[in-house]
Amino acid sequence: MTQDSYNRGKIEYVIFDMDGLLIDSERVYTDVTNELLAPYGKEMTWDIKAGLMGKPERDAALHLLSFFPDLPPSFTLDYYLRARRELQDARWPSVQPLPGALRLVRHLHAHGVPIALATGSQRRNFELKSSHLGALFGAFEGRVVCADDGLVRPGRGKPHPDIFLVAAERFLKRKVGEGEVAEGHVDEEEVAERAKGLVFEDAIPGVQAAKRAGMKVVWVPDANLLTIGGEAAPIVERPDLQLKSLEEFVPEEWGLPPYDT
988 MTQDSYNRGK IEYVIFDMDG LLIDSERVYT DVTNELLAPY GKEMTWDIKA
1038 GLMGKPERDA ALHLLSFFPD LPPSFTLDYY LRARRELQDA RWPSVQPLPG
1088 ALRLVRHLHA HGVPIALATG SQRRNFELKS SHLGALFGAF EGRVVCADDG
1138 LVRPGRGKPH PDIFLVAAER FLKRKVGEGE VAEGHVDEEE VAERAKGLVF
1188 EDAIPGVQAA KRAGMKVVWV PDANLLTIGG EAAPIVERPD LQLKSLEEFV
1238 PEEWGLPPYD T
C-alpha cells in the first residue's frame, strides 16, 4: 500500500507489539502446535493461524481447537495449553529478533522517543522470550504491558484498543483516556493525543485495536498471511502503512529522527 508522507502526521510516541513483529516467536507457536496435532493427522495451517494472531492465549486456543472437533476427549483445552507451554518454554530462550527490530527500537530509544511494548503474551512468557535479548528489550526500560498484568479487563484484548491506551496512559504519560474513538465519548484533546501515537503490529486484530484507539499503525504481516488474503476490514480499520519488514521503515516520514548515516 502506498501512502504519501505528508498525511502521516508527526509522531511523538511509539508502541510495539512483540510476537511476530520484534521477535521470531510465531514460528515457535506454529511448530509446537503442529507437533502436538501431528499424531492425530491434524495441522494448523495459515488460514487457521491467521484467526489466532493477536488474541489472548485461551481465546486463541479455543479458536484453534474449534477446527478439530474430532480430536480425542483427552485433547482438552487445558491439556493443549499445558503441553504447548512445556514445549515452548524450552525454545523461548533461543528465539531471535526479526530483521530491523533491534535497529529501530534502539534508534528510537537513543533519540529519546517515548516507546512502550503492548503484548498479548503472559508476563511469564514475556520474561522467557526477552531475558536473553537485553539489547532489544532493555530499551523499553520496563514500559511493558502483558495480557495478564491486570491492567486490561478480561475480554478486552485486541482488537479492543485497551492495551494500547493503557501503554500510552500509564507508561508514556499521555492523556489518551479510555474507550474507542468511534464510541463518541473521547474528548477532542484525547483524540489529538492519540493521533500522535504510532503502533507497530503484525496481526490484524492488533491493527484493528490501534485504529480503534485512534492511533496511526504500521502493519508488518508475515508473508504467509498475505498469501491467504489476510487484510484488515472494514476500510477505516486498515493500516496507515504496510511493510514487508521493519527494515523498510523510514522514521523521518513520520516526523521521527532519521537513522544516523
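Residue 988 is where the sequence shown starts when you use our numbering, and the numbers rise one by one after that.
Every residue, glycine too, gets a C-beta built ideally from N, C-alpha and C.
Cut-off 7 angstroms between Cβ atoms - residues of its own chain near residue i, not counting five sequence neighbours on either side
i: residue 1143; result: 1149
i: residue 1034; result: 1215
i: residue 1239; result: 1245
Residue(s) in a DSSP beta bridge with residue i
i: residue 1188; result: 1206
i: residue 1024; result: None, per the DSSP bridge assignment.
i: residue 1076; result: According to DSSP, residue 1076 bridges with nothing at all.
i: residue 1102; result: 1001
i: residue 1010; result: 1006 and 1084
i: residue 1132; result: 1105
i: residue 1228; result: 1205
For residue j and residue i, the rounded distance between their alpha carbons
i: residue 1032; j: residue 1024; result: 11 angstroms
i: residue 1228; j: residue 1202; result: 12 angstroms
i: residue 1245; j: residue 997; result: 13 angstroms
i: residue 1045; j: residue 1230; result: 29 angstroms
i: residue 1014; j: residue 1169; result: 35 angstroms
i: residue 1094; j: residue 1160; result: 21 angstroms
i: residue 1237; j: residue 1226; result: 16 angstroms
i: residue 1037; j: residue 1171; result: 30 angstroms
i: residue 1134; j: residue 1050; result: 18 angstroms
i: residue 1178; j: residue 1205; result: 19 angstroms
i: residue 1061; j: residue 1198; result: 40 angstroms
i: residue 1212; j: residue 1040; result: 10 angstroms
i: residue 1137; j: residue 1018; result: 29 angstroms
i: residue 1064; j: residue 1058; result: 11 angstroms
i: residue 1083; j: residue 1120; result: 8 angstroms
i: residue 1000; j: residue 1026; result: 47 angstroms
Own chain residues within Cβ distance below 8 angstroms of residue i, not counting five before or after
i: residue 1088; result: 1008, 1009, 1010, 1123 and 1233
i: residue 1092; result: 1003, 1009, 1102, 1123, 1126 and 1127
i: residue 1195; result: 1145, 1146, 1219 and 1224
i: residue 1174; result: 1164
Local Cβ density within 10 Å of residue i, reported as buried at 16 or more and exposed below that
i: residue 1056; result: exposed
i: residue 1152; result: buried
i: residue 1111; result: exposed
i: residue 1147; result: buried
i: residue 1075; result: buried
i: residue 1181; result: buried
i: residue 1047; result: buried
i: residue 1118; result: exposed
i: residue 1012; result: buried
i: residue 1141; result: exposed
i: residue 1192; result: buried
Beta-carbon proximity list for residue i, same chain, < 6 angstroms, skipping 5 on both sides
i: residue 1131; result: 1104
i: residue 1029; result: 1055
i: residue 1156; result: 1163
i: residue 1256; result: Since the first and last residues shown for the chain are 988 and 1248, residue 1256 lies out of range.
i: residue 1158; result: 1103 and 1130
i: residue 1086; result: 1232 and 1234
i: residue 1154; result: 1002, 1103, 1105 and 1132
Practice prompt. Determine contact between the segment 1177-1193 and the segment 993-1007, defined as no fewer than three beta-carbon pairs at a distance below 8 angstroms.
Written response: yes
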